[in-house]
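Below: one structure, written as structure tokens.
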Amino acid sequence: MTAPASVAVLGVGMHAWGKWGRPFHEYGVTAALAALDDAGVSWGDVQFVAGGETVRNGYPGYVAASTITQALGWNGARVASCYAACASGVTALDAARSRILAGLCDVALVVGADTTPKGFLAPVAGERWDDPDWLRFRLLGATNPTYFALYARRRMDLYGATDADFAKVKVKNAKHGLHNPNARYRKEVTEEEVLASPMVADPLRLLEICATSDGAAAVVLTSMDYARKHATSPVRIRAVSTVTPRFPNTVTEMPNFATDSAAALAPPELTFRDSIAAGAYEEAGIGPDELSLAEVYDLSTALELDWYENIGLCKPGEAEKLLIDGDTTIGGRIPVNPSGGLACFGEAVPAQAIAQVCEIAWQLRGQAEGRQVEGANAGITVNQGLFGHGSSVLLTT
Amino acid sequence: MPTTAVPAVEGWFTISGEPCLLGTRCTTCGTVFFPKASGFCRNPECRGREFDDIELSRTGKVWSYTDAQYQPPPPYIPPSETHEPFALAAVELAEEQVVILGQVAKGFGVDDLSVGATVELVVEPLYEIDGVEHLIYRWKPVGS
């Protein structure tokens, strides 16, 4: 398979992350208008709107693309609303990219927005005895941090990772996000402060687990021909990966009670998390050595370290060294989460994967004020969601 | 005092004698499923549609573990007015080659666990509704 043609990221925009208490589509409109203005494209020229769904806001959330289209003023654009848990935003992005590459449209808007309750993310109300996401709370009291903590503990027992190593991830990301105008938390923290915060799910502490936030992100995608008429050198999407796991998936994954059994069929060479970025590298024909930066899904401090290995920045067990050597800090060999990551944003589920793409675009344009990775020319995003979802987007100048 | 005790979920585990988890095994390829699978085998190389009910191994080794220092949100039903932290473990069963997540037996915490340690299956009360005790499977550390 030859590498697919590029599509252009002509505009990017966000509504700042926080706890604002407004309907989700208001954030979505703000982000969409910012992206349209950034692209220099008028709303009337948008032919396709793809939205990441939110499950917390009733039908307007399920039909997010049409809700936001209506709020912007019906313009006749075709719409698609996509749900893929944390990867929803990139599933929407891939729908837009595919339509452009198929020649079915030139200009698409991708948008994700959420408004979230305080505290643990919990399933929607009602009794559902056939829904593992409902059952894990009822039968086990297993929250999202439960699963993050299982992975963290394995790093400690297998690789000798320490509480201090995990805390250093938070310290780094807090510093990165300090000047990011869209970040919710813009405050430096010390290793001591992280380690003094209350234990939530041993070994993870409150300051090491990402919060839930309100926020929105949007991207204007166009064909390269259209982009060249509007910008001199637009940022390009080179690959999008939305792969599912391969059977048997032998890693305990949220919200499951059990892994697949490997009794009859040997596990695949790559774990699911390894396969997400691998799908993007393969599609683009670009490898991890060619990257300038990465935005990874740091649902917890320890999970960021897992991602270093999952996206090929180092071998298994070497992530702590990469962090401590400063390689993943801005100014280092391969900065990770220059935006500040989820540590500074908190998670706004349908927006988050799009926000990762926005950050890479700003970095590749040299517009990431206060957090710029010098000379950035290639970046990757990666995330994972519930139910076998994951996403990775590879962008270059 | 509760007068009766029932499993908190039907068909996932036995509650009498030495309790064990209940799963299914594909009669075509031998893949094991917990909770029970029905309909179609999920091994992509298998077209099996029939399953034997099986009892899973009662002991396994800890794949990883953690605890819940804060009370989980609904539909979790708190067993007491003030939250008592409890531990959870993902446990690998050697024969079935599957890892199963469960709470850890009452009275045991993360300090009693390590990756690779042996645990066995027990059944304990999870919550009580209208005098009926609802039971759940748990992993209990074996030995010291």
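Protein chains in written order, with the numbering used here: chain A, 224 to 620; chain B, 167 to 310.
We put the beta carbon where it would ideally sit given N, CA and C, even for glycine.
Quick check on residue i: buried or exposed, where buried means 16 or more other Cβ atoms within 10 Å of its Cβ?
i	result
residue 411 of chain A	exposed
residue 263 of chain B	buried
residue 219 of chain B	exposed
residue 548 of chain A	exposed
residue 181 of chain B	exposed
residue 271 of chain B	buried
residue 614 of chain A	buried
residue 573 of chain A	buried
residue 381 of chain A	exposed
residue 407 of chain A	buried
residue 287 of chain B	buried
residue 327 of chain A	exposed
residue 277 of chain B	exposed
residue 171 of chain B	exposed
residue 590 of chain A	exposed
residue 456 of chain A	exposed
residue 378 of chain A	buried
residue 210 of chain B	exposed
residue 231 of chain A	buried
residue 341 of chain A	exposed
residue 198 of chain B	buried
So residue i is in the alpha helix (DSSP H); what residue range does that whole segment cover?
i	result
residue 290 of chain A	287 to 295
residue 626 of chain A	A question about residue 626 of chain A goes unanswered here, because the residues of chain A that appear run from 224 up to 620.
residue 530 of chain A	524 to 533
residue 323 of chain A	311 to 324
residue 564 of chain A	564 to 568
residue 417 of chain A	414 to 419
Assuming residue i is part of the beta strand (DSSP E), what are its boundary residues?
i	result
residue 173 of chain B	170 to 173
residue 606 of chain A	601 to 608
residue 333 of chain B	The question about residue 333 of chain B has no answer, for chain B in this structure spans 167 to 310.
residue 547 of chain A	Careful: residue 547 of chain A lies outside any beta strand (DSSP E), inside the alpha helix (DSSP H) at 542 to 547.
residue 619 of chain A	612 to 619
residue 219 of chain B	217 to 221
residue 330 of chain A	330 to 337
residue 189 of chain B	188 to 192
residue 294 of chain B	284 to 295
residue 269 of chain B	264 to 270
residue 252 of chain B	252 to 259
residue 305 of chain B	298 to 307
residue 304 of chain A	301 to 305
residue 519 of chain A	516 to 519
Looking at the ligand SAH, does it come within less than 6 Å of residue i, judged from the CB to the closest heavy atom?
i	result
residue 579 of chain A	Here there are no bound small molecules, and the ligand SAH is not part of this structure.
Using a Cβ-Cβ cutoff of less than 6 Å, which residues in the same chain neighbour residue i once the five nearest sequence positions on both sides are dropped?
i	result
residue 446 of chain A	323 and 329
residue 285 of chain A	276
residue 268 of chain B	303, 304 and 305
residue 593 of chain A	402
residue 439 of chain A	238, 250, 251, 254, 336 and 574
residue 540 of chain A	382
residue 249 of chain B	237
residue 497 of chain A	533
residue 290 of chain A	248 and 283
Leaving out five residues before and five after residue i in sequence, what residues of the same chain have Cβ atoms less than 7 Å from its Cβ?
i	result
residue 355 of chain A	478, 479 and 480
residue 288 of chain A	272, 273, 274, 302, 303 and 304
residue 230 of chain B	256 and 281
residue 235 of chain B	251
Quick one: what's got a C-beta closer than 8 Å to residue i's C-beta in the same chain, skipping five residues either side?
i	result
residue 245 of chain A	338 and 437
Where are the beta strand (DSSP E) runs, 3 residues long or more, that stay fully inside the stretch 225 to 276 of chain A, in chain order?
-> Taken in chain order, the unbroken stretches of beta strand (DSSP E) that lie wholly in the stretch 225 to 276 of chain A and span 3 residues or more are 230 to 241 and 271 to 275.
Which ranges does the alpha helix (DSSP H) cover as unbroken runs of at least 4 residues, wholly within the stretch 344 to 399 of chain A, from first to last along the chain?
-> Along the stretch 344 to 399 of chain A, the alpha helix (DSSP H) occurs as fully enclosed runs of 4 or more residues at 355 to 358, 367 to 382 and 386 to 399, listed in sequence order.
Could I get the ranges of all uninterrupted beta strand (DSSP E) runs contained in the stretch 424 to 502 of chain A, with 3 residues as the minimum, in chain order?
-> You should have 437 to 446 and 458 to 464.
Which residues, taken in chain order from the stretch 361 to 392 of chain A, show a beta carbon closer than 9 Å to some beta carbon of chain B?
-> Under the 9 Å Cβ criterion, the stretch 361 to 392 of chain A contributes 361, 362, 363, 364, 365, 366, 368, 369, 370, 371, 372, 373, 374, 375, 376, 377, 379, 380 and 381.
Chain-ordered residues of the stretch 287 to 311 of chain A with a beta carbon less than 8 Å from chain B = Identification of residues in the stretch 287 to 311 of chain A having a C-beta nearer than 8 Å to some C-beta of chain B yields an empty set.
Please name the residues in the stretch 328 to 346 of chain A whose beta-carbon is closer than 8 Å to at least one beta-carbon of chain B, in chain order.
-> Cβ contacts with chain B: 342, 343, 345 and 346.
Could you run through the stretch 193 to 209 of chain B and flag, in chain order, every residue whose CB is less than 8 Å away from some CB of chain A?
-> Of all residues in the stretch 193 to 209 of chain B, 195, 196, 197, 198, 199, 200, 201, 208 and 209 have a Cβ within less than 8 Å of some Cβ in chain A.
Determine which residues of the stretch 451 to 485 of chain A have a Cβ less than 9 Å from any Cβ of chain B, and write them out in chain order.
-> Listed by position, the residues of the stretch 451 to 485 of chain A near chain B (Cβ gap below 9 Å) are 469, 470, 471, 473, 474, 475, 479, 480, 481, 482, 483, 484 and 485.
At a Cβ cut of 9 Å, what residues of the stretch 392 to 426 of chain A count as close to chain B, listed as they run along the chain?
-> So the close ones are 421, 422, 423, 424, 425 and 426.
Looking at chain B, which residues of the stretch 485 to 504 of chain A have a Cβ within less than 8 Å of any of its Cβ atoms?
-> Those would be 485, 486, 487 and 488, in chain order.
Would you list, in chain order, the members of the stretch 216 to 232 of chain B that have their beta-carbon closer than 8 Å to a beta-carbon of chain A?
-> For the stretch 216 to 232 of chain B, which is checked against every Cβ of chain A, the residues closer than 8 Å are 229, 230, 231 and 232.
Please list the residues of the stretch 268 to 281 of chain B that have a C-beta atom closer than 7 Å to any C-beta atom in chain A, keeping them in chain order.
-> Of all residues in the stretch 268 to 281 of chain B, 268, 269, 276, 280 and 281 have a Cβ within less than 7 Å of some Cβ in chain A.
With 8 Å as the C-beta to C-beta threshold (strictly closer), list the residues of the stretch 519 to 539 of chain A near chain B in chain order.
-> If you check each beta-carbon in the stretch 519 to 539 of chain A against every beta-carbon of chain B, none falls closer than 8 Å.
Scan the stretch 291 to 308 of chain B for residues whose Cβ lies nearer than 8 Å to a Cβ of chain A and list them as they occur along the chain.
-> Against chain A - using a Cβ distance shorter than 8 Å - the residues of the stretch 291 to 308 of chain B are 292 and 302.
Can you list, in chain order, the residues of the stretch 583 to 607 of chain A whose Cβ is nearer than 9 Å to any Cβ on chain B?
-> Taking 9 Å as the Cβ-Cβ cut-off against chain B, none of the residues of the stretch 583 to 607 of chain A qualify.
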